Every structure is written in C-alpha cells, then in structure tokens.
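Numbering (numbering that gives the first Met the number 0), first residue to last: 0 to 199. Where a beta carbon is used, it is the ideal one built from N, C-alpha and C, also for glycine. On a predicted model such as this, the values are computed, not experimentally measured, just so you know. Notes follow the structure.
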Amino acid sequence: MKANTKTKTSGKNGSKGSGSALNELFVEELKDIFDAEKQLVKALPKMAKAATSDKLQGAFTEHLEQTKGHVQRLEKVFQSLDMPARGKHCMAMEGLVSEGKEIMEDDLDDTVRDAALIGAAQKVEHYEIASYGTLIAHARHLGHDEAIELLQETLDEEKQTDENLTELAESEVNVEAEAEGEDEAEEDEEGEEDEDAGEE
Ligand code: FE
Ligand code: FE
Numbered sequence: 000m001k002a003n004t005k006t007k008t009s010g011k012n013g014s015k016g017s018g019s020a021l022n023e024l025f026v027e028e029l030k031d032i033f034d035a036e037k038q039l040v041k042a043l044p045k046m047a048k049a050a051t052s053d054k055l056q057g058a059f060t061e062h063l064e065q066t067k068g069h070v071q072r073l074e075k076v077f078q079s080l081d082m083p084a085r086g087k088h089c090m091a092m093e094g095l096v097s098e099g100k101e102i103m104e105d106d107l108d109d110t111v112r113d114a115a116l117i118g119a120a121q122k123v124e125h126y127e128i129a130s131y132g133t134l135i136a137h138a139r140h141l142g143h144d145e146a147i148e149l150l151q152e153t154l155d156e157e158k159q160t161d162e163n164l165t166e167l168a169e170s171e172v173n174v175e176a177e178a179e180g181e182d183e184a185e186e187d188e189e190g191e192e193d194e195d196a197g198e199e
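If you want it as structure tokens, here you go:
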C-alpha cells in the first residue's frame, strides 16, 4: 500500500526514525486502530447475540477472542516503540459499529439479519485490513521490525476472518436468506394469481 506519498517531506522532518513526520503519522494510525479494536471488543458480543446461525455466532465469538489478542498485540507494538499504549477515538469504527446496531434494531427475518450482519462485519474487517496494511507499510519505511511482525500476525487473522465470513455467507447464510425471500415471493404470486382469476 502506497499511502504515504503526501507525508513524505524533505529535510530534517523527513528523515527516518522516531522524530520523522512519517513516524508521527504511524503513531496516530496506531492510536486509531487501538481504539477501533477496543470498540470491537464491546461490539462483537452484541453481534454474536443478534446472530441466529450457530456458525455465525461461533464466528463472532471466535473473532472476539482474536480481537482481544489484537488489543494486546497493539500494546506490545506501543511497548516496542517505548510509548504508552493510548487510543484516539476512531470515528470510522464508530460509524461501522452503529451501522451494525441499525441492523440489529431493524425488523428483519432471522436469516436476512444474519446476511446483513455478515456484511457489516466484513466492512469492519476491511477497515482493519486497510489500516494494518498501511501500518505495516509505514513500519517498513521506519524500520520498526518488531512492530511489523506483530502487525502482520493480526493482519493475517483479519484476512482469514474476512474469508471465513465470505465462506459462511456463500455456503449457508445467503442461500437461506434468499430462500426466505422466495417463500414470500411465492406467497405474493399466489395472491396475485387469485386477483387475476377474479378479474377474468
Ligand atoms: Fe482486529
Ligand atoms: Fe477483525
């Protein structure tokens, strides 16, 4: 990911190392994802509770445990930089989580809600994948080797989670959600046929 072109400055501030502008950006990004992961630790149990499919519940519960690990790994990243672990409110995650809440509050059929929850969860995973990808790219430039390894471990888990959710959606949840729609469509069609019959 080449997201750092604009932050490259020449001269003293552009030099590599802990005082550089890129390093400041890296630390800001770390604070953002640290807060985002903590928001997720709170949101995932609610998503698991709202899920109907046992497998989806299991996927959310499993990822909750992983997410707690992501928080701990980020604490280690801060430690490796000799910095206190601090978060800065992540607006993007707040938005993604509140979209998830909307789905839970909506009056949906169980399987349709599951399909929507998977979509919401995947948006979260993609935000994390983009964030960790950027962090790793910046850590490479900065030579933060320990951070690279820790961030890569988490990135791999986020990608795996995203793939698992796709698999679950395609093999089960979307199929059932579609069947739910078909049942209703059939009922509607029958109703329409009756109307037609009456007209003739
Ligand atoms: Fe995570
Ligand atoms: Fe995640």
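Where residue i falls, given that 16 or more other Cβ within 10 Å makes a residue buried
{"i": "M90", "result": "exposed"}
{"i": "D31", "result": "buried"}
{"i": "G18", "result": "exposed"}
{"i": "H62", "result": "buried"}
{"i": "E181", "result": "exposed"}
{"i": "G142", "result": "exposed"}
{"i": "V174", "result": "exposed"}
Proximity of residue i and residue j at Cβ, strictly below 8 Å
{"i": "L116", "j": "I128", "result": "no"}
{"i": "L43", "j": "F59", "result": "yes"}
{"i": "V76", "j": "L149", "result": "yes"}
{"i": "E179", "j": "D108", "result": "yes"}
{"i": "I135", "j": "Q151", "result": "yes"}
{"i": "L95", "j": "V123", "result": "yes"}
{"i": "Q121", "j": "D81", "result": "no"}
Cβ-heavy atom distance, residue i to ligand 2, below 7 Å
{"i": "V40", "result": "no"}
{"i": "A76", "result": "A small fix is needed here, since residue 76 is Val in this sequence, not Ala. For ligand 2, not one heavy atom lies less than 7 Å from the Cβ of V76."}
{"i": "E157", "result": "yes"}
{"i": "T160", "result": "yes"}
{"i": "T66", "result": "yes"}
Rounded Cβ spacing between residue i and residue j (contact assumed at less than 8 Å)
{"i": "A47", "j": "Q56", "result": "5 Å"}
{"i": "L167", "j": "K45", "result": "Rounded, the Cβ-Cβ distance is 18 Å, inconsistent with contact."}
{"i": "L21", "j": "H125", "result": "Not confirmed; about 24 Å, so no contact."}
{"i": "D144", "j": "G86", "result": "No, D144 and G86 are not in contact; Cβ-Cβ is about 24 Å, not under 8 Å."}
Distance cut-off 7 Å: residue i Cβ against heavy atoms of ligand 1
{"i": "H125", "result": "no"}
{"i": "H69", "result": "yes"}
{"i": "E36", "result": "yes"}
task: Kindly confirm or deny that the stretch 20 to 30 and the stretch 106 to 120 touch, where touching means at least three C-beta pairs closer than 8 Å.
output: no
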